[in-house]
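Notes to accompany the following structure.
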Ligand SMILES: [Zn+2]
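In this note's numbering, the protein residues as written are 65 to 469.
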């Protein structure tokens with residue numbers, strides 16, 4: 065049995081690092097608040113018998129060695145960094161779930177056929193880069209260019225690493241072969257309201273949705289807002305507007321397993337007395353099934369083609385990542401005394417760095433009102449504990465299954 069009181073106390077203590085006057089938590093990767101949280105975590109892992117080291121990508125790795133020479137590692141991972149004024153569960157719960165799981169296994173005197181690693185990955189939230197930096201570095205998916213890349217308004221991760229006396233080039237040494245890993249598990253808050261609405265205790269994640277992003281530019285002709293009569297106008301905003309209202313309708317007609325968002329709109333020249341000559345906007349689509357996203361893409365292309373000199377370019381076309389079927393069944397067995405369901409993850413996680421290479425699984429626990437990336441983010445401690453229980457039971461079951469051969 066896991067210790068819910070201890071898990072609760074961990075969550076509360078960790079939630080003090082980077083706590084803002086308004087109640088949210090700001091712990092950007094590699095900043096002082098984040099480093100303090102990592103020191104706290106390191107001490108807790110050492111107390112629980114782990115050896116802790118920091119790899120070249122600044123990932124913090126606690127390892128409980130099984131003593132077998134050629135053993136693989138089973139990893140439980142997530143992240144301690146947050147968005148600005150975020151909540152105390154996103155990421156932190158996953159790392160603490162790993163810690164609690166390791167302690168419980170120690171206390172039960174269980175021996176595992178693999179090393180157990182609990183990992184806090186660097187910059188999952190993408191303060192410096194595209195996000196999931198540490199886990200991508202571990203699987204060899206970070207390039208030298210990305211290490212030196214500047215996102216507007218922030219220092220680059222190379223500078224942040226250097227300020228901690230870590231050589232930026234060392235990021236490449238964080239890479240490990242996939243055969244090092246027996247499996248990767250991550251527990252996370254849902255960040256949506258599916259579990260809460262259905263009264264579920266846990267969600268067994270089937271995969272992480274694909275994300276397609278496009279940059280659209282609709283051309284018009286700029287002109288004087290007073291002297292140009294209405295019939296003579298070629299207003300770029302007016303041309304783009306039908307797409308804004310059609311996108312939600314297209315998505316709903318296509319499938320309830322597809323979402324589409326126009327999150328950025330820019331008018332050029334962007335003056336109160338000038339008819340817009342150009343309307344630039346982004347379109348983001350998310351779905352497990354890429355065929356849904358391609359169907360919307362076709363509709364967009366057709367609309368853009370109606371306007372001369374308008375264009376659309378691909379920013380990202382990343383297909384969904386599937387979780388491991390055997391591990392999903394294992395989690396379902398561990399959750400049989402709880403109300404559980406299978407569901408996709410509509411948000412990205414470190415798990416998606418592992419899933420193409422290593423058997424990977426995720427457990428979700430309910431988020432109150434589906435709220436996340438906010439100081440209002442909340443999950444009841446008892447619900448968090450139920451998730452950790454499922455994770456721990458599943459890992460113990462897997463160990464037993466493998467011992468039996
Ligand atoms: Zn997260």
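Positions of the beta carbon are idealized from the N, C-alpha and C atoms, including for glycine.
Same chain only: Cβ atoms within 7 Å of residue i, ignoring 5 sequence neighbours per side
| i | result |
| --- | --- |
| residue 395 | 268, 425, 427, 454, 458 |
| residue 218 | 191, 192 |
| residue 178 | 130, 135, 136, 137, 138, 246 |
| residue 439 | 86, 87, 88, 149, 151 |
| residue 210 | 193 |
| residue 328 | 345, 346 |
| residue 234 | 120 |
First and last residue of the uninterrupted beta strand (DSSP E) at residue i
| i | result |
| --- | --- |
| residue 382 | 375–382 |
| residue 128 | 124–128 |
| residue 324 | 322–325 |
| residue 184 | 179–184 |
| residue 251 | 245–253 |
| residue 425 | 424–429 |
| residue 283 | 274–283 |
| residue 117 | 115–118 |
| residue 138 | 137–142 |
| residue 464 | No beta strand (DSSP E) holds residue 464; the alpha helix (DSSP H) holding it covers 445–468. |
| residue 404 | 404–409 |
Own chain, CB closer than 6 Å to residue i, minus 5 neighbours either side, in chain order
| i | result |
| --- | --- |
| residue 406 | 268, 270 |
| residue 423 | 247, 388, 391 |
| residue 409 | 269, 272 |
| residue 176 | 130, 463 |
| residue 236 | none |
Spatial distance of residue i from residue j (CA atoms)
| i | j | result |
| --- | --- | --- |
| residue 190 | residue 380 | 16 Å |
| residue 374 | residue 281 | 6 Å |
| residue 465 | residue 173 | 17 Å |
| residue 185 | residue 230 | 15 Å |
| residue 127 | residue 110 | 9 Å |
| residue 82 | residue 93 | 11 Å |
| residue 77 | residue 115 | 22 Å |
| residue 232 | residue 123 | 13 Å |
| residue 307 | residue 385 | 29 Å |
| residue 33 | residue 188 | This structure cannot settle anything about residue 33, because the visible part of the chain is limited to 65 through 469. |
| residue 147 | residue 436 | 10 Å |
| residue 463 | residue 419 | 20 Å |
| residue 443 | residue 461 | 26 Å |
| residue 315 | residue 322 | 6 Å |
| residue 313 | residue 216 | 33 Å |
| residue 402 | residue 180 | 26 Å |
| residue 144 | residue 340 | 43 Å |
| residue 369 | residue 223 | 43 Å |
| residue 221 | residue 183 | 19 Å |
| residue 456 | residue 469 | 20 Å |
| residue 286 | residue 372 | 14 Å |
| residue 363 | residue 278 | 13 Å |
| residue 333 | residue 342 | 8 Å |
| residue 467 | residue 117 | 29 Å |
| residue 170 | residue 65 | 12 Å |
| residue 158 | residue 72 | 13 Å |
Supposed close pair residue i, residue j - CB separation, criterion 8 Å
| i | j | result |
| --- | --- | --- |
| residue 240 | residue 202 | 6 Å |
| residue 12 | residue 434 | With the chain represented from 65 up to 469, any question about residue 12 goes unanswered, as that position is not in the structure. |
| residue 284 | residue 261 | Residue 284 to residue 261, Cβ: 43 Å. No contact. |
| residue 97 | residue 90 | 7 Å |
| residue 99 | residue 265 | The pair is not a contact, with the Cβ atoms about 34 Å apart (cut-off 8 Å). |
| residue 354 | residue 383 | 5 Å |
| residue 304 | residue 345 | 7 Å |
| residue 165 | residue 140 | 6 Å |
| residue 80 | residue 445 | Between residue 445 and residue 80 the Cβ distance is about 16 Å, and since that is not below 8 Å, they are no contact. |
| residue 365 | residue 352 | Not a contact, Cβ separation roughly 22 Å. |
Beta-carbon proximity check, residue i vs residue j, cutoff 8 Å
| i | j | result |
| --- | --- | --- |
| residue 160 | residue 75 | yes |
| residue 155 | residue 441 | no |
| residue 198 | residue 300 | no |
| residue 398 | residue 250 | no |
| residue 23 | residue 347 | Residue 23 is absent from the model: the chain starts at 65 and stops at 469. |
| residue 70 | residue 112 | no |
| residue 259 | residue 430 | yes |
| residue 200 | residue 275 | no |
| residue 119 | residue 226 | no |
| residue 255 | residue 411 | yes |
Where the alpha helix (DSSP H) through residue i begins and ends
| i | result |
| --- | --- |
| residue 295 | First-last for residue 295: undefined, no H or E at that position. |
| residue 88 | Residue 88 -> no alpha helix (DSSP H), and no H or E assigned at all. |
| residue 368 | 354–369 |
| residue 344 | Counting along the chain, residue 344 falls outside any alpha helix (DSSP H), though it belongs to the beta strand (DSSP E) covering 342–351. |
| residue 109 | 96–111 |
| residue 57 | Here the chain has residues from 65 to 469 only, and residue 57 is not among them. |
| residue 159 | 156–171 |
Residues near residue i by beta carbon distance below 8 Å, same chain, minus five either side
| i | result |
| --- | --- |
| residue 318 | 356, 359, 360 |
| residue 337 | 288, 289, 290 |
| residue 413 | 142, 188, 196, 250, 252, 272, 426 |
| residue 108 | 74, 163 |
Residue-chain proximity (residue i, chain C), Cβ-Cβ < 8 Å
| i | result |
| --- | --- |
| residue 454 | Given the protein chain composition of this structure (a single chain), no chain C is represented. |
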